[in-house]
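Everything on this sheet refers to the single structure shown next.
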Amino acid sequence: MESLEEFRARARSWLADVGPLEVPADPDARFDVLRRWQRTLFDAGWVGLAWSREAGGSGLTHAHQLVFVEELVRARAPQPVGLIGLEVVGPSIDRYGTDEQRRELLPRLLSGDDIWCQGFSEPDAGSDLASLRTRAVADGADLLVTGQKIWTSWAHKAQWCALLVRTDPSVRKQAGISYLLVDMASPGITARPIRQMTGDQEFCEVFLDEVRVPRRNLLGAENEGWAIATHTLGSERGAATLRRRVELEVALEDAVDALRSRGTLGHRARAAVGRAHVAMRVLDAQTRRTTERLLADAGPTPVDSVDKLVLNEVEQTVFAEIAALLGPLRAVPGSRPAGLGSGRWAHEHLYSRAASIYGGSSQIQRTIVAERLLGLPRG
Ligand SMILES: Cc1cc2nc3c(=O)[nH]c(=O)nc-3n(C[C@H](O)[C@H](O)[C@H](O)COP(=O)(O)OP(=O)(O)OC[C@H]3O[C@@H](n4cnc5c(N)ncnc54)[C@H](O)[C@@H]3O)c2cc1C
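Written out as structure tokens, the structure reads:
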């Protein structure tokens with residue numbers, strides 16, 4: 000197998016050859032460009048590096064994957080657009096899917112031909128996810144799904160959805176949930192985008208009205224979806240932390256460079272940069288353990304919740320410090336190119352507020368740490 004040093008050199012030189020990618024400010028145009036970018040990365044063999052060849056991946060290791068993420072971010076190249084498929088839902092399909100599901104769904108997920116969304120949260124079931132009410136009832140060989148999801152990122156663009164549904168309302172909440180893989184082109188699905196404070200319309204309300212889903216699209220057994228959902232949420236917390244660490248480091252470097260080039264790195268600014276650096280070192284220390292767990296293929300654990308808590312706090316600290324440093328220079332999101340980075344910093348600052356909510360809020364992560372790591376009595 001290719002050594003990590005050789006692999007890093009090859010990745011660096013490939014990224015240098017393809018050069019910088021122009022990413023439009025308009026969200027729809029941006030989505031299309033990033034989808035084509037995923038295809039380019041996939042065709043060149045850079046997507047799904049640690050996934051098996053059978054699933055469409057390269058059969059390398061998680062260490063190769065980490066090296067590539069680092070090189071991609073350092074080259075200031077964007078991430079592929081299908082991150083929910085790649086980091087969140089895909090690992091669960093790979094682990095719990097039938098051979099047929101893995102063969103049919105995973106290569107298209109990796110290439111970006113299919114974009115995935117995650118239909119977990121509902122208007123009355125976010126933190127208390129197990130209370131979800133979207134129901135699926137048997138109808139011959141199919142299930143008929145009716146209900147509502149919310150905050151479903153990229154539902155308006157997705158071809159597939161990983162959907163949690165209630166298949167048995169008569170048992171304990173967690174025991175009656177199934178995990179369905181739903182074709183978003185199925186009749187009866189309406190995805191209505193919601194505008195966020197960044198100005199983007201990244202997530203949606205999703206309405207399901209007697210949507211017919213074949214039973215073969217169950218991931219795992221009927222009524223055993225809760226354990227798989229836990230796996231999905233754990234993957235999201237672990238993988239995102241490692242990628243985000245490098246992204247934050249590069250963001251801080253870029254902000255400091257931008258200020259230095261304008262000669263505005265005075266005493267107050269230096270103190271803010273110092274605080275952001277301290278926060279980054281805390282994240283470094285935490286992610287060293289995350290990397291060890293990932294390389295050992297340990298799978299999701301409650302420790303992922305510690306990662307998520309540290310990451311949230313560091314992300315919000317770093318972008319708040321950058322925003323304070325740049326002041327009026329940071330420009331509003333979507334505006335072109337009135338301020339440093341064409342509104343990049345304002346966008347990042349606003350988006351960082353979501354970090355302590357998505358993937359399970361910070362309060363919920365603290366409860367997981369208290370109960371499952373520290374063994375404190377349940378509240
Ligand atoms: C940018 C973004 C993208 C998202 N993408 C998706 C997606 O693709 N798919 C998806 O399914 N969901 C998605 N979500 C939804 C996200 O998972 C939920 O917002 C989150 O789980 C919180 O649920 P809620 O919004 O219903 O808040 P609630 O559960 O109503 O919580 C409201 C507040 O009360 C606190 N709280 C609730 N219960 C407790 C408790 N027991 N103890 C202490 N405090 C508590 C919470 O921490 C929070 O501060 C996304 C959210 C965001 C912000």
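In terms of numbering that gives the first Met the number 0, the sequence shown opens at residue 0 and continues consecutively. Even for Gly, the Cβ is constructed at its ideal location relative to N, Cα and C.
Cβ separation of residue i and residue j, assumed to be a contact under 8 angstroms, to the nearest whole Å
i: residue 247; j: residue 293; result: About 18 angstroms separates the two Cβ atoms, so there is no contact after all.
i: residue 3; j: residue 62; result: 6 angstroms
i: residue 218; j: residue 96; result: 6 angstroms
i: residue 33; j: residue 79; result: 7 angstroms
i: residue 371; j: residue 301; result: 4 angstroms
i: residue 236; j: residue 358; result: 6 angstroms
i: residue 107; j: residue 113; result: 4 angstroms
i: residue 321; j: residue 251; result: 7 angstroms
i: residue 181; j: residue 163; result: Actually they do not touch by this definition, with Cβ atoms about 11 angstroms apart.
Beta-carbon spacing of residue i, residue j below 8 angstroms
i: residue 178; j: residue 238; result: no
i: residue 83; j: residue 153; result: yes
i: residue 148; j: residue 126; result: no
i: residue 132; j: residue 171; result: no
i: residue 407; j: residue 55; result: Residue 407 lies beyond the residue range present for the chain, which begins at 0 and ends at 378; the question has no answer from this structure.
i: residue 368; j: residue 305; result: yes
i: residue 101; j: residue 230; result: no
i: residue 105; j: residue 41; result: no
i: residue 400; j: residue 324; result: Since the first and last residues shown for the chain are 0 and 378, residue 400 lies out of range.
i: residue 349; j: residue 313; result: no
i: residue 206; j: residue 150; result: no
i: residue 115; j: residue 81; result: yes
i: residue 26; j: residue 199; result: yes
i: residue 245; j: residue 68; result: yes
i: residue 290; j: residue 65; result: yes
i: residue 111; j: residue 38; result: yes
i: residue 275; j: residue 311; result: no
i: residue 308; j: residue 362; result: no
i: residue 7; j: residue 53; result: no
i: residue 58; j: residue 51; result: yes
i: residue 233; j: residue 303; result: yes
Contact with chain D by residue i, beta-carbon distance below 8 angstroms
i: residue 202; result: This model lacks chain D altogether, as it is built from one protein chain only.
Host beta strand (DSSP E) of residue i (start-end)
i: residue 96; result: Counting along the chain, residue 96 falls outside any beta strand (DSSP E), and DSSP gives it neither H nor E.
i: residue 117; result: 115 to 118
i: residue 135; result: 134 to 138
Unbroken alpha helix (DSSP H) run spanning residue i, endpoints
i: residue 153; result: That residue, residue 153, is in no alpha helix (DSSP H); it is neither H nor E in DSSP.
i: residue 8; result: 3 to 17
i: residue 377; result: No alpha helix (DSSP H) holds residue 377; DSSP gives it neither H nor E.
i: residue 32; result: 26 to 42
Contact test: residue i Cβ vs ligand 3 heavy atom, cutoff 7 angstroms
i: residue 357; result: Of the ligands one can find in the structure shown, namely ligand 1, none is ligand 3.
Report task. List in chain order: all unbroken alpha helix (DSSP H) runs of 4+ residues lying wholly within the segment 280 to 304. Result -> none
Query - Entirely enclosed alpha helix (DSSP H) segments - the segment 194 to 276, minimum 4 residues - result: 224 to 260
Report task. Please determine if the segment 222 to 233 and the segment 316 to 325 are in contact, where contact requires at least 3 C-beta pairs separated by less than 8 angstroms. Result -> no
Report task. Say whether the segment 138 to 146 touches the segment 58 to 77, bearing in mind that this needs 3 or more beta-carbon pairs closer than 8 angstroms, one atom from each stretch. Result -> no
Query raised in the report: Is there contact between the segment 181 to 193 and the segment 205 to 212, where contact requires at least three CB pairs shorter than 8 angstroms?
Result: yes
Query raised in the report: In chain order, which beta strand (DSSP E) runs of at least 3 residues are fully inside the segment 160 to 190?
Result: 176 to 182
Query raised in the report: Where are the alpha helix (DSSP H) runs, 4 residues long or more, that stay fully inside the segment 342 to 374, in chain order?
Result: 343 to 351, 361 to 367
Query raised in the report: Which ranges does the alpha helix (DSSP H) cover as unbroken runs of at least 4 residues, wholly within the segment 50 to 76, from first to last along the chain?
Result: 61 to 73
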